[in-house]
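Shown next, in structure tokens, is the structure this report addresses.
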Amino acid sequence: MKTTSRIYTALVFIFLFAPIAILLVFSFNESKSLSVFGGFSIKWYRELLHDEATLESVRNTLLLAVSAMVISTVMGTAAAVGIQKLRSKWLRTALSTATDIPMTNPDIITGISLMLMFVFVGRLFGLANSLSFWTMLIAHVTFCLPYVILQVLPRLRQMDPSLPEAAQDLGCPPLRAFFKVVLPEIRPGIVTGAIMAFTLSLDDFVISYFTSGAGFQTLPVRIYNMTKKTVTPKMYALATIIFFVILALLLISNLTDQNKKKPNQ
Amino acid sequence: MCQEGRSPVFLQSERFGGTLMKKIVELKNISKSFDGETVLDNINLDIYDNEFLTLLGPSGCGKTTTLRIIGGFEHPDQGDVIFMGERINDMPPHKRNVNTVFQKYAMFPHLNVFENIAFPLRERRVPKKTIEEKVHEMLSMVMLNGFDHRRVTSLSGGQQQRVAIARALIGQPKVLLLDEPLGALDLKLRKDMQQELKKIQKATGITFIFVTHDQEEALTMSDTIVVMSQGRIQQIGTPQDIYNEPKNAFVADFIGESNILDGTMLKDLMVRFSGTTFQCVDKGFAPQEPVDVVVRPEDVDIVAQEKGMLRGVVTSVTFMGVHYEVIVDIGGFKWMIQTTDYVGEGEYIGLYIEPDAIHIMKKSEYSGLYGDYSSFSNELDELSDPGEESEDYE
Chain A
6 MKTTSRIYTA LVFIFLFAPI AILLVFSFNE SKSLSVFGGF SIKWYRELLH
56 DEATLESVRN TLLLAVSAMV ISTVMGTAAA VGIQKLRSKW LRTALSTATD
106 IPMTNPDIIT GISLMLMFVF VGRLFGLANS LSFWTMLIAH VTFCLPYVIL
156 QVLPRLRQMD PSLPEAAQDL GCPPLRAFFK VVLPEIRPGI VTGAIMAFTL
206 SLDDFVISYF TSGAGFQTLP VRIYNMTKKT VTPKMYALAT IIFFVILALL
256 LISNLTDQNK KKPNQ
Chain B
4 MCQEGRSPVF LQSERFGGTL MKKIVELKNI SKSFDGETVL DNINLDIYDN
54 EFLTLLGPSG CGKTTTLRII GGFEHPDQGD VIFMGERIND MPPHKRNVNT
104 VFQKYAMFPH LNVFENIAFP LRERRVPKKT IEEKVHEMLS MVMLNGFDHR
154 RVTSLSGGQQ QRVAIARALI GQPKVLLLDE PLGALDLKLR KDMQQELKKI
204 QKATGITFIF VTHDQEEALT MSDTIVVMSQ GRIQQIGTPQ DIYNEPKNAF
254 VADFIGESNI LDGTMLKDLM VRFSGTTFQC VDKGFAPQEP VDVVVRPEDV
304 DIVAQEKGML RGVVTSVTFM GVHYEVIVDI GGFKWMIQTT DYVGEGEYIG
354 LYIEPDAIHI MKKSEYSGLY GDYSSFSNEL DELSDPGEES EDYE
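Have a look at this one:
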């Protein structure tokens, strides 16, 4: 029984990580071939460094991800605080369900609807091409926001509601009481929410594809456009780097979460 | 419902034996409702300097809301809150010279004991050295010397309670509000903390407004007790007043054990109940006025059947340690009697009641709500006690 479960676990892990392992191996392939490993080399990584257009899209992606993260974290935290403060239970449930909808909505529908809206509003103002960095940013904030709220809201619920009152009672104006007492309590949720927003924005393709303009291209969109021609192992190198960056972020997020939980137990 | 037309001077002399006291907090015609449900109905209350005042009542009686209105966390729909002569209805909590000890302590988990207590002084930008001195002074007052760097989450309930008290007192408020602060502690710790709180209140001279549903706690700690029910004040008075001269059936039933009977005032100093006429010490009622009669279980003497003013049969005897709790059936009404003399179940006995053991109350909306002790058992009594038990023993 034990051995079968071990084999099963091994199979699951192989199934999960084989594609990434292959990607990793072939990113170091000397030859261009996908079937033959022609020896170890880092030439694709070097070539990647000289591909200006790709690097530009990497910069764009990061700029977009950081901006979307900051904006959605601030907005999401504020929204969660507002939802938690509502007296009516009915309204509170209704609102948090409503904010969950963008999460359950298929990306393609969110993407198309956002594109339609941007074009429609653009036309209203007589713009020929309304899609730009800003429309993408709005789009990314839209789909990141619910995840931040989802992370912060439970933290607020766990918190003793008399904490902010106690701070005010002891001489803090309400806003200051929030920063001094509430924020430290919900910080783990905010950090996790921010990291989720960052990674979601980083790897989003579908919504970005519909809302990106000609002048501003993110990495996933660029890779997709490149596959229309031929994929060079340069992209494997890039994908490998992205994989490890996201892995690192996930680890950090999990570790901070655990560190915060320990003292309370 | 309260203090109708009594002059402040009379009140003061009544409460404090003649010493003139300054009013600290005045609640004038306060009403408050949540979602259409009335929580406070025209509350009028004066709270004096240096006073230990307890708001006592079952859950949902409005005592916590009253406290939160004084603290500034709720706004009255009607009426005024006066603090040292100044109307403070619209003053936010952080500007009020009032501090609160919250029910679940509300410790700041990310700060250690020292920083929790220092919090109000840091807000006021008090110099570091003064803060250190003051915090240590507070720590020794609540007997937590050397706890400076402990995490508040590692403290026991009783210790957190002490930190909460130190934190609330370090800013030297005029008034300290305590919202059922001992509710979560076990019985022994609770008794110790009652003594300690009383001591701290005497030492600091700060007015304490204490909320509880525990009548025993209220009786042992307070200078003044305010009994509340259904958003209204039922009675204001010293613990002795409240216990010996309850104003209506609600107060009589809520404070201590009591036999509440239907009676008729024949004339001054004479009342008839249980088919017998008794001498009493109350007067000023109309002839033949229907009244509620209260007899406390410890004020009844058990005598031989032929010597008794009332006669009945013992239906149950419970040993309580200091005394026996005896239930006696007299003409269908079950009396509770506390006695140190043993009587056996099924015995026929007589009851003797001194005139001053009989307390007469006017009929009120609460009359007839509290029956006899026919279904009495200690366990049941605890279950049906209108306190916030479920919250207490979490």
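Those sequence lines, one after another, are chains A and B.
So for the first sequence, my numbering puts the first residue at 6; every next one is plus one.
So for the second sequence, my numbering puts the first residue at 4; every next one is plus one.
Beta carbons: idealized from backbone N, C-alpha and C, even for Gly.
Is B:Gly-21 helix, strand or coil when you go by DSSP?
Locating residue 21 of chain B in the second sequence gives position 18, where the first residue counts as 1. For B:Gly-21, the pLDDT reaches just 47, beneath the cut-off of 50, and the residue's location in the model is therefore unreliable, although a value from the coordinates is still provided. Looking at B:Gly-21 - three-state DSSP - the assignment turns out to be coil, as it is neither helix nor strand.
Excluding the 5 residues preceding and the 5 following A:Phe-210 in the sequence, name in chain order all residues of the same chain whose CB lies nearer than 6 Å to its CB.
Along the first sequence, one-based indexing puts residue 210 of chain A at 205. Excluding sequence neighbours, A:Phe-210 sits near Pro-225.
Taking 8 Å as the threshold (beta carbon to beta carbon), is A:Gly-3 in contact with chain B?
Outside the shown range of chain A, which is 6 to 270, sits residue 3 of chain A, and nothing can be said about it.
Since B:Tyr-351 and B:Gln-282 are thought to touch, with beta carbons under 8 Å apart, how far apart are those beta carbons, to the nearest angstrom?
Along the second sequence, one-based indexing puts residue 351 of chain B at 348. Along the second sequence, one-based indexing puts residue 282 of chain B at 279. The Cβ separation is near 24 Å, so there is no contact.
Just how far apart, CA to CA, sit B:Glu-248 and A:Ile-88?
Taking the first residue of the second sequence as 1, we reach residue 248 of chain B at position 245. Taking the first residue of the first sequence as 1, we reach residue 88 of chain A at position 83. Rounded to the nearest angstrom, the two C-alpha atoms are 49 Å apart.
Any Cβ of chain B within less than 8 Å of the Cβ of A:Pro-159?
For the purposes of this step, residue 159 of chain A is identified with residue 154 of the first sequence, where counting begins at 1. So, not an interface residue.
Around the C-beta of B:Met-146, are 16 or more other C-beta atoms found within 10 angstroms, so that it is buried, or is it exposed?
The residue you call residue 146 of chain B lines up with position 143 of the second sequence. The residue is exposed, with fewer than 16 neighbouring Cβ atoms inside 10 Å.
Are the segment 169-184 of chain B and the segment 201-214 of chain B in contact at 8 Å, needing three or more beta carbon pairs?
Segments in contact, yes.
State whether the segment 194-201 of chain A contacts the segment 157-169 of chain A, with contact taken as three or more CB pairs (one from each stretch) at a distance under 8 Å.
Touching, yes.
Could you give the DSSP three-state label for B:Thr-227: helix, strand or coil?
Working through the second sequence from its first residue, we reach residue 227 of chain B at position 224. Reduced to three states, the DSSP call for B:Thr-227 is strand.
How far does the alpha helix (DSSP H) with A:Lys-37 in it extend, from its first residue to its last?
Taking the first residue of the first sequence as 1, we reach residue 37 of chain A at position 32. Note, A:Lys-37: premise wrong, no alpha helix (DSSP H); not H, not E.
Have a look at B:Met-268 and B:Ile-305 and give me their C-alpha separation to the nearest angstrom.
Mapped onto the second sequence, residue 268 of chain B falls at position 265. Mapped onto the second sequence, residue 305 of chain B falls at position 302. Those two C-alpha atoms are separated by around 25 Å.
Which residues bound the beta strand (DSSP E) around B:Val-320?
Here residue 320 of chain B is taken as the residue at index 317 of the second sequence, counted from 1. Here the beta strand (DSSP E) through B:Val-320 covers 313-322.
For the segment 112-148 of chain A, which segments carrying the alpha helix (DSSP H) assignment without a break, of at least 4 residues, lie completely within its bounds, in sequence order?
As far as the segment 112-148 of chain A is concerned, its whole alpha helix (DSSP H) runs of at least 4 residues are 112-129.
I'd like to know whether the C-beta of B:Lys-107 is nearer than 8 Å to at least one C-beta of chain A.
Looking up residue 107 of chain B in the second sequence gives position 104. Yes - at least one Cβ of chain A is within 8 Å of the one on B:Lys-107.
Hey, out of B:Ala-109, B:Glu-126, B:Arg-127 and B:Ile-168, whose CA is closest to B:Leu-142's CA?
The residue given as residue 142 of chain B occupies position 139 in the second sequence. Looking at the Cα atoms, B:Ile-168 is the closest of the given residues.
How should B:Ser-152 be labelled, buried or exposed, when 16 other C-beta atoms within 10 angstroms of its C-beta is the threshold for buried?
Indexing the second sequence from 1 puts residue 152 of chain B at position 149. Before going on, a small fix: residue 152 of chain B reads as His here, not Ser. Answer is exposed; the Cβ neighbour count stays below 16.
Who are the Cβ neighbours of B:Leu-43 in its own chain at under 7 Å, not counting the five residues just before and after it?
Counting from 1 along the second sequence, the entry for residue 43 of chain B is found at position 40. These residues qualify, in order along the chain: Ile-33, Ser-34, Lys-35, Gly-65, Thr-68, Thr-69 and Gly-234.
Tell me where the beta strand (DSSP E) around A:Asp-105 begins and ends.
On the first sequence, position 100 is the one that residue 105 of chain A refers to. Per DSSP, A:Asp-105 belongs to no beta strand (DSSP E); it is in the alpha helix (DSSP H), 94-109.
By a C-beta neighbour count over all protein chains shown, 10 Å radius and 16 as the cutoff for buried, is A:Asn-134 buried or exposed?
Mapped onto the first sequence, residue 134 of chain A falls at position 129. Label assigned to A:Asn-134: exposed.
At least one CB of chain B closer than 8 Å to the CB of A:Asp-165: is that the case?
Translated into the one-based positions of the first sequence, residue 165 of chain A becomes position 160. Closer than 8 Å to some Cβ of chain B, the Cβ of A:Asp-165 qualifies, so yes.
Against B:Asn-92, what residues of chain C qualify as contacts under a CB-to-CB distance less than 9 Å, listed in chain order?
Looking for chain C here will not work: the only protein chains present are A and B.
Could you check which residue in A:Ile-200, A:Ser-217, A:Ala-83 and A:Lys-239 has the C-alpha nearest to that of A:Leu-252?
Your numbering for residue 252 of chain A matches position 247 in the first sequence. Residue A:Ile-200 is the option with its Cα nearest to A:Leu-252.
Note down, one range per segment and in chain order, each alpha helix (DSSP H) of at least 4 residues found wholly within the segment 164-211 of chain B.
Here the runs fully enclosed are 190-207.
Less than 8 Å between the C-beta atoms of A:Pro-107 and A:Thr-147, yes or no?
Reading the first sequence from its first residue, position 102 is the one you call residue 107 of chain A. Reading the first sequence from its first residue, position 142 is the one you call residue 147 of chain A. The answer is yes: Cβ separation under 8 Å.
So B:Val-317 and B:Gly-347 are in contact, right, with Cβ under 8 Å, and what is the actual spacing, rounded?
As a working note, residue 317 of chain B is residue 314 in the second sequence. As a working note, residue 347 of chain B is residue 344 in the second sequence. Right, the Cβ-Cβ distance comes to about 7 Å (below 8 Å), so this counts as a contact.
Could you compute how far the alpha carbon of A:Ser-217 sits from the alpha carbon of A:Gly-116?
Working through the first sequence from its first residue, we reach residue 217 of chain A at position 212. Working through the first sequence from its first residue, we reach residue 116 of chain A at position 111. About 10 Å.
Can the beta-carbon of A:Glu-52 be found closer than 8 Å to that of A:Lys-239?
Working through the first sequence from its first residue, we reach residue 52 of chain A at position 47. Working through the first sequence from its first residue, we reach residue 239 of chain A at position 234. Yes, the pair counts as a contact, with Cβ atoms nearer than the cut-off.
Going along chain A, which residues have a C-beta under 8 Å from B:Thr-103?
The residue you call residue 103 of chain B lines up with position 100 of the second sequence. Glu-170, Ala-171 and Asp-174, listed in chain order.
Could you check the C-alpha separation between B:Val-294 and B:Met-364 for me, to the nearest Å?
Residue numbering aside, residue 294 of chain B sits at position 291 when the second sequence is read from its first letter. Residue numbering aside, residue 364 of chain B sits at position 361 when the second sequence is read from its first letter. B:Val-294 and B:Met-364: Cα-Cα distance of roughly 6 Å.
Do the segment 91-102 of chain B and the segment 176-190 of chain A meet, that is, are 3 or more Cβ pairs less than 8 Å apart?
Yes, they touch.
Does the beta carbon of A:Pro-193 come closer than 8 Å to any beta carbon on chain B?
Here residue 193 of chain A is taken as the residue at index 188 of the first sequence, counted from 1. A:Pro-193 does not count as touching chain B.
Reducing DSSP to helix, strand and coil, say where B:Ser-232 ends up.
Counting from one through the second sequence, the residue named residue 232 of chain B turns up at place 229. Strand.
What residues in its chain sit with their C-beta under 6 Å from that of A:Thr-140, if we drop five residues either side in the sequence?
Your numbering for residue 140 of chain A matches position 135 in the first sequence. Hits under 6 Å: Phe-123 and Thr-216.
Just to confirm my understanding: we take A:Phe-203, look at its own chain, exclude 5 residues before and 5 after, and list those with CB closer than 6 Å. What are they?
For the purposes of this step, residue 203 of chain A is identified with residue 198 of the first sequence, where counting begins at 1. So the list reads Ala-70 and Met-74, once near-sequence residues are dropped.
Jot down the residue ranges of each uninterrupted alpha helix (DSSP H) in the segment 192-268 of chain A, minimum 4 residues, whole runs only, in chain order.
Runs found: 211-216, 224-232 and 238-266.
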